[in-house]
Amino acid sequence: MSLFRNATFYTTVAQLSDLPVDARCEIAFVGRSNAGKSSAINTLAGRARLAFVSKTPGRTQHLNFFTLAPHCYLVDLPGYGYAKAPEEVRNSWKWLLAPYLKHRPQLAGIVLIMDSRHPLTELDVQMLEWFALTGKRIHILLSKADKLSRQAQGTALRKVKAALVEFGEQCSVQLFSSLKKTGIDEAEAALSTWFDPQQFSAEEAP
97 MSLFRNATFY
107 TTVAQLSDLP
117 VDARCEIAFV
127 GRSNAGKSSA
137 INTLAGRARL
147 AFVSKTPGRT
157 QHLNFFTLAP
167 HCYLVDLPGY
177 GYAKAPEEVR
187 NSWKWLLAPY
197 LKHRPQLAGI
207 VLIMDSRHPL
217 TELDVQMLEW
227 FALTGKRIHI
237 LLSKADKLSR
247 QAQGTALRKV
257 KAALVEFGEQ
267 CSVQLFSSLK
277 KTGIDEAEAA
287 LSTWFDPQQF
297 SAEEAP
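Position one of the sequence shown corresponds to residue 97 (this note's numbering), numbered consecutively onward.
What follows is the structure, encoded as structure tokens:
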């Protein structure tokens, strides 16, 4: 069974002091508020309502942790770039998200969700370049691929791959569709390696 199909909700974190102390490996899902992040999580998990999906962008306002295996977590982060969120909420994202992404030692990497119809927006590129400085892995899901023709899908994929050349093996990219359930096996194959059992020993988590 897929690692992601074992996902169960664990906790919601509103401040860094509440981060799980037993964590040894985490994968964070990030992306613009309307890029299809929650839908991608639900599709990978095979659960329709695991992560909250709303027609109103910006509803995820904290870090939502889902247990995948002992000491292993999937983390759903608030979407970025949604200007209509209350100012106090947007300010809280800055002191919660940035420190988590930059300094959390258990974070193996991020899954960056981009709308395949509009990849590499200014905010996407800023996130990509900013997080790449950590040296951790980045896997990009070009979501909503079902809304593009086969030719347009290929064009979008080539465009993003060309932009990732400078990052080398640190970054990877694929097409993905929550509606058509395409790209699931490819995503699972890529992300499951981030949870290599060999990296988990009897030692205590940091």
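Even glycine gets a Cβ: it sits at the ideal position worked out from N, Cα and C.
Residue range of the unbroken beta strand (DSSP E) whose run includes residue i
i, result
"GLU172", "Before going on, a small fix: residue 172 reads as Asp here, not Glu. Per DSSP, ASP172 belongs to the beta strand (DSSP E) from 168 to 172."
"ALA259", "Not the beta strand (DSSP E): ALA259 falls in the alpha helix (DSSP H), residues 246 to 260."
"GLN270", "267 to 271"
"PHE125", "121 to 127"
"LEU159", "159 to 165"
"LEU203", "203 to 211"
"THR289", "No beta strand (DSSP E) holds THR289; DSSP gives it neither H nor E."
"PHE100", "That residue, PHE100, is in no beta strand (DSSP E); it is neither H nor E in DSSP."
For residue i, the nearest candidate out of the options (CA to CA)
i, options, result
"GLU262", "ARG200, ILE137, VAL221 and SER135", "VAL221"
"LYS243", "LEU164, ALA119 and PHE272", "PHE272"
"LYS198", "TYR176, VAL171, LEU253 and PHE227", "PHE227"
"ASN138", "ASP114, VAL109, PHE105 and PRO166", "PHE105"
"THR289", "LYS240, ALA110 and SER268", "SER268"
"ALA241", "LYS276, PRO166 and ALA144", "LYS276"
"ALA147", "SER113, PRO116 and THR108", "THR108"
"ALA248", "GLU225, GLY231, ASP211 and LYS232", "ASP211"
DSSP-derived helix/strand/coil call for residue i
i, result
"ASP281", "helix"
"LEU192", "helix"
"ASP41", "Only positions 97 to 302 of the chain appear in the structure, and residue 41 is not among them; the question remains open."
"GLY231", "coil"
"SER239", "strand"
"THR217", "coil"
"GLY175", "coil"
Enclosing alpha helix (DSSP H) for residue i [first to last residue]
i, result
"ALA140", "It is worth fixing the name first, because residue 140 is Leu in this sequence and not Ala. Per DSSP, LEU140 belongs to the alpha helix (DSSP H) from 133 to 141."
Within 7 angstroms, strictly: CB atoms of residue i and residue j
i, j, result
"ALA136", "SER245", "no"
"LEU173", "VAL126", "yes"
"LEU216", "ALA259", "yes"
"GLU282", "SER98", "no"
"ILE209", "GLY142", "no"
"ALA119", "VAL171", "no"
"GLY205", "ILE236", "no"
"ARG254", "GLY177", "no"
"ALA103", "PHE162", "yes"
"LEU229", "ALA252", "no"
"GLN266", "GLY279", "no"
Nearest-angstrom beta carbon gap, residue j and residue i [assumed within contact, 8 angstroms]
i, j, result
"LEU192", "LEU159", "7 angstroms"
"PRO116", "TYR196", "Not quite, the Cβ-Cβ distance comes to about 12 angstroms (not below 8 angstroms), so this is no contact."
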